[in-house]
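To start, the structure under review is shown below, and the notes come after it.
So, in structure tokens, the structure goes:
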């Protein structure tokens with residue numbers, strides 16, 4: 001490994017340690033969220049869960065949210081340049097997320113409902129772009145499933161995080177077990193939605209406070225997208241370094 005690769009590898013190892021740690025605030029916020037969920041009508045949960053399911057199914061079926069020409073732009077980039085392009089993309093999407101959060105946050109409860117599916121689309125668009133940057137073709141079904149797994153990892157609770165991360169680390173073997181016929185069977189949509197919601201909702205709920213919606217919405221969206229961006233970049237870095245024998 002050269003000096004840059006050694007630096008990135010050390011960052012990955014530090015990040016990996018965090019994945020196995022149990023964070024008090026994370027457990028506390030999820031416990032609080034479960035109590036607050038009882039105040040939200042079940043029909044609302046069902047609609048939001050359907051929104052998540054619809055987006056994930058679209059991604060799995062091959063819907064692309066980014067220009068297809070991008071995969072050719074990154075074909076011959078070095079690892080350093082891929083990292084640079086990834087960071088540039090992340091910063092752009094953070095700004096997009098902040099603008100979207102500020103706009104819907106200022107609109108209060110009604111626009112906050114619109115924010116949920118719109119913000120999911122922004123996240124998956126970033127994941128598709130990062131996949132292309134690190135050299136993985138989202139036209140392949142296995143790569144689309146990898147994206148969905150990365151999304152799950154970013155917002156998973158303590159119990160499921162380790163299993164999801166192990167699947168990602170062993171992807172060359174794991175992907176052989178995944179097919180379109182088994183995909184629907186292995187996806188537990190309500191669990192998928194519940195973990196995602198528990199991870200983000202305490203931050204998003206503050207958007208409905210009168211006078212603070214726009215400010216909090218921008219902060220919440222940036223914070224939540226950052227969770228995804230850090231996870232995705234570290235996972236793709238590790239995979240790229242493993243497959244290119246840079247470790």
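Residue numbers (this note's numbering): 1 to 247.
Glycine included, C-beta positions come from ideal geometry on N, C-alpha and C.
Boundaries (first-last residue) of the alpha helix (DSSP H) holding residue i
i           : result
residue 164 : 158-169
residue 152 : 141-155
DSSP-derived helix/strand/coil call for residue i
i           : result
residue 110 : Confidence at residue 110 is low in this model, with a pLDDT of 42, below 50, so the placement of that residue is unreliable and no value is reported for it.
residue 66  : coil
residue 224 : helix
residue 263 : This structure gives no information on residue 263, because the portion of the chain shown stretches from 1 to 247.
residue 134 : coil
residue 98  : helix
residue 178 : coil
residue 2   : coil
residue 246 : coil
Cβ pair residue i, residue j closer than 9 Å
i           : j           : result
residue 161 : residue 3   : no
residue 119 : residue 97  : yes
residue 241 : residue 87  : no
residue 65  : residue 133 : no
residue 228 : residue 154 : yes
residue 48  : residue 116 : yes
residue 148 : residue 156 : no
residue 74  : residue 84  : no
residue 194 : residue 129 : no
residue 60  : residue 126 : no
residue 222 : residue 123 : no
residue 141 : residue 52  : no
residue 150 : residue 236 : yes
residue 62  : residue 139 : yes
CB contact below 9 Å: residue i versus chain C
i           : result
residue 174 : Absent from the structure is chain C; it holds one protein chain and no more.
Beta-carbon contacts of residue i that lie in its chain and below 8 Å, excluding the five residues immediately before and after
i           : result
residue 146 : 131, 136, 168, 171 and 175
Neighbourhood of residue i by C-beta distance below 7 Å, restricted to the same chain and skipping five residues each side
i           : result
residue 102 : 214, 217 and 218
residue 246 : 1, 5 and 79
Nonlocal neighbours in the same chain, by C-beta distance under 6 Å from residue i, ignoring five residues either side
i           : result
residue 238 : 12
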